[in-house]
Structures are given as C-alpha cells and as structure tokens.
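Remarks on the structure that follows.
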Amino acid sequence: MIELINVSKSYGGLVKAVDNLNLTVSPGEIIGFLGPNGAGKTTTLKMVTGILKPDQGVIRINDIDIQKDPLKAKMQFGFVPDSPDMFLRLKGLEYLNFMADIYQVSQEDRKERIGSLTERFELKHVLLDQLQSYSHGMRQKIILMGALLHNPSVWILDEPLTGLDPRSSFILKEMMKEHAQRGNTVFFSTHVLEVAEKLCDRVAVINKGKLVFHGTLEEMRAHFSAHESLEHMFLEMTEHE
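Residues in the sequence shown are numbered from 1 upward in steps of one, following the UniProt record's numbering.
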C-alpha cells in the first residue's frame, strides 16, 4: 500500500513540481500514473521512494513513514527508475548479487529467483557480460530483475516498458497482473495510454503538479458523459489546466 497525504515539492522555491498531492494505491491494485512531460510524475515517484524529500506532507509505504523510518520503508518496495544506465561496469550476475545483498536475500532464495527471472526474461546467456555491453532493453530487464529479487509487496515503476521488446513487455505486464492478483501493489508511470487502458484498475492523472483525476476508467468516462478513448479524455483533462 502507498499513501501520499498533502505532498508538495518545489524546485528553487518557485514553481511547485508537485502541489498538495493526495493519493492512495491499495493492495491488489495496479495504478497507472499519467501526465504530460514535466507534469510531476517522476518527482512524485522519487519522493515515494525516498530519493527526494517533500517540502511538506506524509508518504507511507505499507503504513511505514518513509521519512521517519526510511530503511524499513525501502525494504517494502522494488523500484525501477526511468533510466537503466547504472552500474555499467558490473556483470549482470554481479549486479543481481549486489542487489540481493542490499535486500538481505538468502543464498538459497537468490539462486532460485535469479534462475526464475533470467529464464523468464531470457537473459541467462549474458549474465557474465558487463552491463555496458547490454542493449537498452537488456539493461531495462536486468534492472527490473534486481528490483524484484527480494520479492517486495510494492512495485514502483517509472516508465518500465520503455525499451522492452514486445515479448518482454508482455511478460512484464503479465507479472504485474499476477503480483496484484496476489494482493500486492503496483504503481507505475507510463506514456503509453493503451497500456494503462488495458492493464490498470485505476488511473491517476497529474498535470502541472496537481492531481486532476483519480479513479477507474468507467468513472472517467462518466465524468465526460461519453464512451471516449482514454487518449481523448487524457488530452482534454491536461489541455486546459
């Protein structure tokens, strides 16, 4: 579960990147976080994960305040950032073991999970190669695997499908569905509206730092009093704000 209560963040004390945001992502839900470039999506995700500190407000992960108990809160989630270009001198297996060490995954569990994930994402053949030799999509997959190794109940993903080939994209979407069906939480940002339309239980739309909609697609359609596409509704919500 993720809770944001009256969360705000400014840069330079002038423009609010996130303005008094209230949002809850409940167990068993997949929530898509939508908005134009510069709307505040990545800033929000970085505050939720503790990378950035909010100017005001409270953020809880599974009822744990990330500012009061950051280490315990960070053990609750797996985070995939918007860029996979990190730790490039490490080999794939070294990176996965590094992540397993951070999250205190036992040798027995990590062996089983690394085997399962590398088979699912078809990366077993490159685990002994350096990450800098990987394509963008392969780096995205290894970062995903590292985030999921400790089997967190909360997944926080920033544009996770970017760079993935169609098969890997399908696999990740199936994994997100399976994770939510087990009573867990998935919160991800995306620019791909069709993905949100097919995958999400609810969507949250942010524009200029403000939450302009949060609910189901049916509720959004009722708000616009027509059975319009998500793309049309999204454009209408963010055009005039």
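Think of the CB as a built atom: it goes at the ideal place given N, C-alpha and C, for glycine as much as any other residue.
Contact between the region 7-19 and the region 120-140 is absent: fewer than 3 CB-CB pairs across the two stretches fall below 8 Å.
Within the region 159-191, the runs of alpha helix (DSSP H) at least 4 residues long that lie entirely inside it are, in chain order, 166-181. In the structure shown, G50 falls within a coil segment according to DSSP collapsed to helix, strand and coil. Around D55, the same chain offers S8, K9 and S10 as residues with beta carbons nearer than 7 Å, after the five sequence neighbours per side are excluded. Nearest to T44 by C-alpha distance, out of K173, N184, E178 and D158, is D158. When C-alpha distances from N97 are compared across T24, G35, I142 and L34, the shortest belongs to I142. Cβ contact annotation for R110 (same chain, cutoff 6 Å, sequence separation greater than five): A100, in chain order.
For K16, no alpha helix (DSSP H) encloses it; the enclosing beta strand (DSSP E) starts and ends at V15 to V25. Here G146 has Y95, L96 and M99 as same chain residues with Cβ atoms under 7 Å from its own Cβ, once five neighbours each way along the sequence are excluded. Burial is judged here by how many other beta carbons sit within 10 angstroms of a residue's own beta carbon; G215 has fewer than 16 and is exposed.
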